[in-house]
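Engineer: Take this structure, written in structure tokens, and hold onto it; I'll ask about it next.
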Amino acid sequence: MSTVHPAYAQLRRVTDIASVLLENNPGMMTLDGTNTWILHAPGSVECVVVDPGDNDEEHLQRVAGIGPVALTLITHRHYDHTGGVDRFHELTSAPVRSVDPTFLRGGASALVDGEVIEVAGLKLRILATPGHTADSVSIVIENDASVLTGDTILGRGTAVLDDTDGDLGDYLTSLRSLAALGEGLTVLPGHGPDLPDLQAISQQYLAHREERLAQVRDALTTLGESASVREVVEHVYSDVDPKLWPVAEKSVNVQLAYLRR
């Protein structure tokens with residue numbers, strides 16, 4: 001069986017510390033499925049799990065069976081990353097930490113921007129990267145030259161900004177923060193394959209967002225300032241399969257809020 005992405009139900013090693021179990025929940029928003037990351041420092045018996053996935057018993061059992069879990073971390077609130085939190089906590093008894101207090105388990109405290117977590121031989125730095133959602137964080141693995149980016153940066157394509165609490169201004173700032181971490185860092189995303197250079201992909205994401213924003217501005221010039229979200233989507237995303245337009249509407253909603261603010 002394949003040991004490269006996508007490899008369902010297989011523990012695929014990506015770096016010296018980070019391995020991934022791909023959940024079999026592919027879809028328009030999840031791409032090939034949700035990446036559940038398992039961080040295991042050499043010489044440590046325990047591991048840290050990032051984003052256990054949705055409430056898929058088979059997947060959760062498989063992740064829990066990898067070894068003693070010292071801590072579970074959540075990159076953001078979306079169900080495909082958090083739906084299995086309760087069951088995973090039952091299976092492992094490991095505390096669960098996130099920005100959103102909804103998902104805290106085992107007496108854990110909320111994640112704080114800039115804090116460094118030392119657990120199971122790992123040194124993990126929390127970097128607030130809101131924009132996709134208000135509670136999004138990335139996790140810098142200090143002893144591994146890699147960064148878990150959740151849905152802020154994906155392994156392919158570009159991230160959709162949630163029009164419930166996503167914010168384009170925050171997102172652009174987050175991309176700049178990730179780019180500023182420097183060269184040579186491996187991207188460990190919430191969906192899609194791992195990528196070799198965080199700085200390069202962050203800069204590509206920034207260029208793409210600026211390009212789309214310019215297209216939205218041009219659309220408003222052509223269609224009028226009161227143009228609807230769907231009208232803007234049809235104008236800007238004419239080169240995209242119409243089946244994806246409902247997804248594009250979310251990002252356009254956020255872009256229009258940014259421009260009209």
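Mapping to full-length UniProt numbering: the sequence shown position 25 is 25, numbers consecutive.
A virtual CB, placed ideally from N, CA and C, is assigned to each residue, including glycine.
1) Here's a check: name, in chain order, each residue in its chain whose Cβ is nearer than 7 Å to the Cβ of Val-229, leaving out the five neighbours to either side.
2) Would you call the stretch 200 to 218 and the stretch 44 to 51 in contact, with 3 or more CB pairs under 8 Å?
3) Would you kindly report the start and end of the unbroken beta strand (DSSP E) that includes Gly-150?
4) Put Tyr-258 into one of helix, strand or coil per three-state DSSP.
5) To the nearest whole angstrom, what separates the beta carbons of His-191 and Thr-34, a pair I think is in contact under 8 Å?
6) Please list the segments of the alpha helix (DSSP H) lying wholly inside the stretch 182 to 244, counting only runs of 4 or more residues, in order along the chain.
7) Could you please give me the residues that DSSP links to Gly-27 through a beta bridge?
8) With a threshold of 7 Å on Cβ separation, who are the neighbours of Ala-227 within its own chain once the five nearest residues in sequence on each side are excluded?
9) On the CB-based measure, 16 or more other CB atoms within 10 Å of its CB, does Val-240 come out buried or exposed?
10) Which residue's Cα is closest to the Cα of Ile-126: Gly-83, Leu-73, Gly-166 and Thr-164?
11) Taking the alpha-carbon positions, what's the Thr-138 to Pro-242 distance?
12) Thinking C-alpha only, which one of Pro-130, Ile-17 and His-89 is nearest Val-99?
13) Between Glu-183 and the rest of its own chain, which residues show a CB-CB distance below 7 Å, the 5 nearest in sequence each way excluded?
14) Let me know the secondary structure DSSP gives Thr-158 once reduced to three states.
15) Assign Leu-244 to buried or exposed, taking buried as 16 or more other Cβ atoms, counted over all protein chains shown, within 10 Å of its Cβ.
16) Report the rounded CA-to-CA distance for Arg-97 versus Ala-70, giving the unit in angstroms.
17) What do you get for Arg-156, buried or exposed, if any count of 16 or more other CB atoms within 10 angstroms of its CB means buried?
18) Quick check on DSSP: helix, strand or coil for Arg-105?
19) What does the Cβ neighbour count give for Pro-193, buried or exposed, with the cut at 16 atoms within 10 Å?
20) If I measure Cβ to Cβ from Pro-6 and keep anything under 6 Å in the same chain, skipping five residues before and after, which residues do I get?
21) Might you give, ordered along the chain, the residues of its own chain that have their beta carbon closer than 6 Å to the beta carbon of residue 263, omitting 5 neighbours on each side?
Structural biologist: If we stick to the structure as given:
1) Glu-249, Val-252, Asn-253 and Leu-256
2) no
3) 146 to 150
4) helix
5) 7 Å
6) 198 to 223 and 229 to 236
7) Leu-31
8) Ala-219 and Leu-220
9) exposed
10) Leu-73
11) Here the sequence assigns Ser to residue 138, which means Thr is not the residue at that position. Roughly 31 Å between the two C-alpha positions.
12) Pro-130
13) Asp-197 and Gln-199
14) coil
15) exposed
16) 11 Å
17) exposed
18) strand
19) buried
20) Leu-22 and Asp-32
21) Residue 263 cannot be examined here, being either before or after the span of the chain that is shown, 1 to 261.
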